[in-house]
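Numbering (my numbering), first residue to last: 300 to 804. Virtual Cβ for every residue (Gly too), placed ideally from N, Cα, C.
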Amino acid sequence: MEYILKMENITKSFPGVKALDSVTMKIRAGKVHALIGENGAGKSTLMKILTGIHSHDSGTITYKDQVIVPMNPKEMSVRGISIIHQEFNLLPDLTVAENIYVTREPKLFGNMVVDDKKMVKNAKKLLGSLGLNLDPTAIVETLSVAEKQMVEIAKALVVDSDILVLDEPTSALAENEVQKLFEIIRDLKRKGVAIIYISHRLEEFDHIVDEVTVLRDGTFVSTKEWSKTTIAEMICDMVGRKLDEQYPERKNEIGEIVFEAKHVNRGSKVQDISLHVRKGEVIGIAGLMGAGRSEFARAVFGADKMTSGTIIVDGKKINPKSPNTAIKNGIAYLTEDRKTDGLFLDLEVDTNILAGNLHQNTTFGLVDDRELNKKVKNIIKSMNIKTPSNKQLCKFLSGGNQQKVLIGRWIMKNAHVYIFDEPTRGIDVGAKYEVYTLMNKLASAGAGIIMISSEMPEIMGMSDRIYVLSEGVLMGEMSSMKASQEMIMHLASGFEKKKGEVING
Ligand SMILES: Nc1ncnc2c1ncn2[C@@H]1O[C@H](COP(=O)(O)OP(=O)(O)OP(=O)(O)O)[C@@H](O)[C@H]1O
Ligand SMILES: [Mg+2]
300 MEYILKMENI
310 TKSFPGVKAL
320 DSVTMKIRAG
330 KVHALIGENG
340 AGKSTLMKIL
350 TGIHSHDSGT
360 ITYKDQVIVP
370 MNPKEMSVRG
380 ISIIHQEFNL
390 LPDLTVAENI
400 YVTREPKLFG
410 NMVVDDKKMV
420 KNAKKLLGSL
430 GLNLDPTAIV
440 ETLSVAEKQM
450 VEIAKALVVD
460 SDILVLDEPT
470 SALAENEVQK
480 LFEIIRDLKR
490 KGVAIIYISH
500 RLEEFDHIVD
510 EVTVLRDGTF
520 VSTKEWSKTT
530 IAEMICDMVG
540 RKLDEQYPER
550 KNEIGEIVFE
560 AKHVNRGSKV
570 QDISLHVRKG
580 EVIGIAGLMG
590 AGRSEFARAV
600 FGADKMTSGT
610 IIVDGKKINP
620 KSPNTAIKNG
630 IAYLTEDRKT
640 DGLFLDLEVD
650 TNILAGNLHQ
660 NTTFGLVDDR
670 ELNKKVKNII
680 KSMNIKTPSN
690 KQLCKFLSGG
700 NQQKVLIGRW
710 IMKNAHVYIF
720 DEPTRGIDVG
730 AKYEVYTLMN
740 KLASAGAGII
750 MISSEMPEIM
760 GMSDRIYVLS
770 EGVLMGEMSS
780 MKASQEMIMH
790 LASGFEKKKG
800 EVING
């Protein structure tokens, strides 16, 4: 059996969209096969067909030399094919352990009662074996995005699979968790598991990927051995042309300070952080998971209460007691957790872009529909949002395109300072360039930009200045001209601080 799985000539249409047009992909046991393509290319759809979530219109699926028709995810998981979805499927009110073992709980008294103790113990063991320091009894809702992602991964590993599909598993993870995940993947590979790996972070592929298949607009472009191709060639296959630069050039006048945070505290998560942004400037905030970057942003934005500290926007001291006051005072915040913070999946694309933006687009208190329509169309076009119309429901857009809709909403606000938390997580190279261009445009119009990012190349490529946080503490500041990846990682790891503690102790 050369291939454990063959998906051949798979075609699938949704109303108004041909998501897949005769796509073929063949998978070998014990190998990592990457599946890449721009947002909306059809990657998730192909995997949803494999795992029985969607049915295909035509084509054949051969698994272990047998033609199969996947019926539903449960059945496929019993057959040995599991998936970790791009969208989280966790039950927020339940504990980590309950989520990991949902429908597979160990039972007591002849299968009557869930054996809680055993479940927690097993979960602890599993999490430990994955190198995760997570409390199995913690309620999932209270976890960070990265932690939720790790719970998803643990959940998929409870059952032994022959094929494991990972749809964008690293987009929510910082560098150290990514490395943990790669160890897990290498281990599975050794056990002979075939892995289908969807990601936009091609720089990571060297660590794990054996083969790569590219889709473009629902069609098959190529399958290549990873070691025999280059990132440039892959990008070319994905977007259909050569992309010369990843980061657009910025030629801004840098002006006065437009935003300043002084001695901001929030519990132990944010400790005495002071930083500033000038008009026309883009600053990057780097750090590992748990560094307190999002917590800082949430405090500044009034989503969480500051314990103490001062915020100054455009020379005026403000008191961000709620997101509404923050917005009124010119602060915009695109959160990292876009699924729960803001997108209305059951509403249309245009409604989502306009949500909360109407008051800025009125003349004498009246909403000018034509004007709004024009603005929405502009955003869809400039961000290259792939949708059959501006009336499509957001739930029918691909993951990356949903994110673009949210970014579009924030860009419509006339803010003095924009905080972008992981702005390009999960979006493709072409769209990343668009987002960077938009950030530059906002900056050249006089706004200050704060970009929180776990992607080192992005931090280096986009920022004028870089701040590094570790465990709630500001470890350093540097101009990007002088920064190196090593310097940032060194500061982010908190090594300096720990060293200091030893000396002081
Ligand atoms: N349930 C659905 N109903 C209608 N259209 C859909 C549905 N699911 C996906 N689509 C459309 O099918 C196309 C492919 O989407 P898919 O989610 O497979 O893209 P993707 O390659 O996973 O993109 P991303 O990188 O953004 O996650 C998109 O145009 C999307 O809008
Ligand atoms: Mg997808």
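Annotated as proximal: I326 and A493, with beta-carbon spacing under 8 Å. Contact check for V513 and G336: beta-carbon distance about 6 Å, within the 8 Å limit, so the pair qualifies. By the Cβ neighbour-count rule, K620 is exposed, with fewer than 16 other Cβ atoms within 10 Å of its own. Under DSSP, G583 takes part in a beta bridge, and its partners are M750, I765. C-alpha of R489 to C-alpha of T402: approximately 28 Å in a straight line. Annotation: the stretch 607-637 contains the following complete segments of the alpha helix (DSSP H) (minimum length 4 residues), in chain order: 622-627. For Y496, there is no enclosing alpha helix (DSSP H); the residue is part of the beta strand (DSSP E) that begins and ends at 493-497. For V477, the uninterrupted alpha helix (DSSP H) run begins and ends at 474-489, by DSSP. For Q570, the closest C-alpha among the options R592, Q545, S460 is that of R592. Assignment of R515 by DSSP, reduced to helix, strand and coil, places it in the strand class. Using a Cβ-Cβ distance cut-off of 8 Å, the stretch 529-545 and the stretch 353-362 are not in contact, since fewer than three pairs of beta carbons, one from each stretch, lie closer than that value. Shown here, S779 sits in coil according to DSSP, grouped into three states, outside any helix or strand. Residue pairing of R708 in beta bridges, as defined by DSSP: absent, with no partner found. Chain-ordered, the residues whose CB falls short of 7 Å from any heavy atom of ligand 2 come out as K342, S343, Q385, D466, E467, I497, S697, G698, G699.
Residue pairing for D509: DSSP places it in no beta bridge. Remark: the shortest separation between the CB of V675 and any heavy atom of ligand 1 does not fall under 7 Å.
In the DSSP assignment, S312 is bridged to K317. Cβ-Cβ distances below 8 Å link R708 to G641, N651, I652, L653, A654, G655, N656 in the same chain, with the five nearest sequence neighbours on each side left out; the list follows chain order.
At least one heavy atom of ligand 1 sits closer than 7 Å to the Cβ of A318. Check the Cα spacing between T394 and each of T436, E404, S792, T361: the tightest is with T436.
Between the stretch 415-435 and the stretch 341-350 there are fewer than three C-beta pairs closer than 8 Å, too few to call the two in contact. A340 has its CB nearer than 7 Å to a heavy atom of ligand 1. Three or more beta-carbon pairs separated by less than 8 Å are not found between the stretch 367-384 and the stretch 719-736, which leaves the two stretches without contact. With a threshold of 16 other beta carbon atoms within 10 Å, A396 meets it and is buried.
Cβ neighbours of I678 within its own chain (closer than 8 Å, five residues either side excluded): I652, I684, G707, I710, M711. Counting C-beta atoms within 10 angstroms of its own C-beta, F643 has fewer than 16 neighbours from the protein chains shown and is therefore classed as exposed. For I348, there is no enclosing beta strand (DSSP E); the enclosing alpha helix (DSSP H) has its first and last residue at 342-349. Contact between the stretch 303-317 and the stretch 472-480 is not established, with fewer than three Cβ pairs separated by less than 8 Å. Bounds of the alpha helix (DSSP H) holding L653 are 648-653. In its chain, beyond the 5 residues on either side, T606 have a beta carbon closer than 8 Å to the beta carbon of G566. K550 and S743 have their C-alpha atoms roughly 8 Å apart. Given a length threshold of 3 residues, each whole run of the beta strand (DSSP E) inside the stretch 425-482 is given here in chain order: 462-466.
Under DSSP, the beta-bridge partners assigned to M324 are M306. Relative to ligand 1, the beta carbon of G629 is positioned no closer than 7 Å to any heavy atom. For a cut-off of 8 Å, the C-beta gap from E555 to K578 is around 6 Å, short enough to register as a contact. With 16 or more neighbouring CB atoms inside 10 Å of its own CB, Q702 falls in the buried class.
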